[in-house]
Amino acid sequence: QVQLVESGGGVVQAGGSLRLSCTASGISINLNAMGWHRQAPGKQRELVVGITSDGTTNYTDSVKGRFTISRDSAKNTVYLQMNSLKPEDTAVYYCAGRKSWMRSWGYWGQGTQVTVSS
Numbered sequence: 036q037v038q039l040v041e042s043g044g045g046v047v048q049a050g051g052s053l054r055l056s057c058t059a060s061g062i063s064i065n066l067n068a069m070g071w072h073r074q075a076p077g078k079q080r081e082l083v084v085g086i087t088s089d090g091t092t093n094y095t096d097s098v099k100g101r102f103t104i105s106r107d108s109a110k111n112t113v114y115l116q117m118n119s120l121k122p123e124d125t126a127v128y129y130c131a132g133r134k135s136w137m138r139s140w141g142y143w144g145q146g147t148q149v150t151v152s153s
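In terms of the working numbering, the sequence shown opens at residue 36 and continues consecutively.
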């Protein structure tokens with residue numbers, strides 16, 4: 036059974052930083068694709084960044100240079116370091132996993148709220 040548990044969300048002022056964590060069980064973060072998505076009120080969920088098993092990353096344009104995804108294999112945990120936060124980054128952030136045979140993201144965490152005040 037795959038479980039993804041996010042933590043680290045909160046309220047921060049514009050320009051501040053937060054680090055989100057996603058601890059996985061039942062899926063190896065190094066052998067499978069992992070990603071962070073977000074959904075703002077009234078908007079569709081979007082992929083913020085994905086990382087493949089070989090370490091290739093793909094960031095959405097709006098976060099390039101500000102957000103960084105990383106992995107800790109010993110803890111089977113994926114992180115999202117978010118710097119220079121903007122009010123438009125306010126959303127629920129979800130960790131997701133996808134095994135090689137999946138066509139789409141198949142595993143999701145419960146989400147963690149990030150609120151950036153102006």
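C-beta atoms are modelled at their ideal positions from N, C-alpha and C, and glycine is treated no differently.
query                                                                                                                                                                 : result
With DSSP run on the structure shown, which of helix, strand or coil describes aspartate 89?                                                                          : coil
Give me the Cα-Cα distance between glutamate 81 and serine 139, rounded to the nearest whole angstrom.                                                                : 13 angstroms
Assuming tyrosine 114 and serine 56 are in contact, meaning their beta carbons sit under 8 angstroms apart, how far apart are those beta carbons, in whole angstroms? : 6 angstroms
Below 6 angstroms CB to CB, which residues in the same chain sit around threonine 95 once its five sequence neighbours on both sides are set aside?                   : Val83
Any contact between the region 87-102 and the region 36-44? By contact I mean 3 or more CB pairs, one from each, below 8 angstroms.                                   : no
Rounded C-beta distance between leucine 120 and glycine 45? I'm assuming under 8 angstroms.                                                                           : Incorrect: roughly 11 angstroms between the Cβ atoms, too far for contact.
Count the other CB atoms within 10 Å of the CB of tryptophan 136; is the residue buried (16 or more) or exposed (fewer)?                                              : exposed
Could you pull the DSSP bridge partners for methionine 69 from this structure?                                                                                        : Ile86 and Gly132
Is valine 20 near leucine 53, with beta carbons less than 8 angstroms apart?                                                                                          : Here the chain comprises residues numbered 36 to 153, so residue 20 is not present and cannot be evaluated.
Hey, out of Gln74, Gly141 and Met117, whose CA is closest to asparagine 67's CA?                                                                                      : Gly141
If you follow the beta strand (DSSP E) that alanine 49 is part of, which residue opens it and which one closes it?                                                    : Run containing alanine 49: none; DSSP gives neither H nor E here.
When we look at the beta-carbon of glycine 90 and count the other beta-carbons within 10 Å, is it buried (16 or more) or exposed?                                     : exposed
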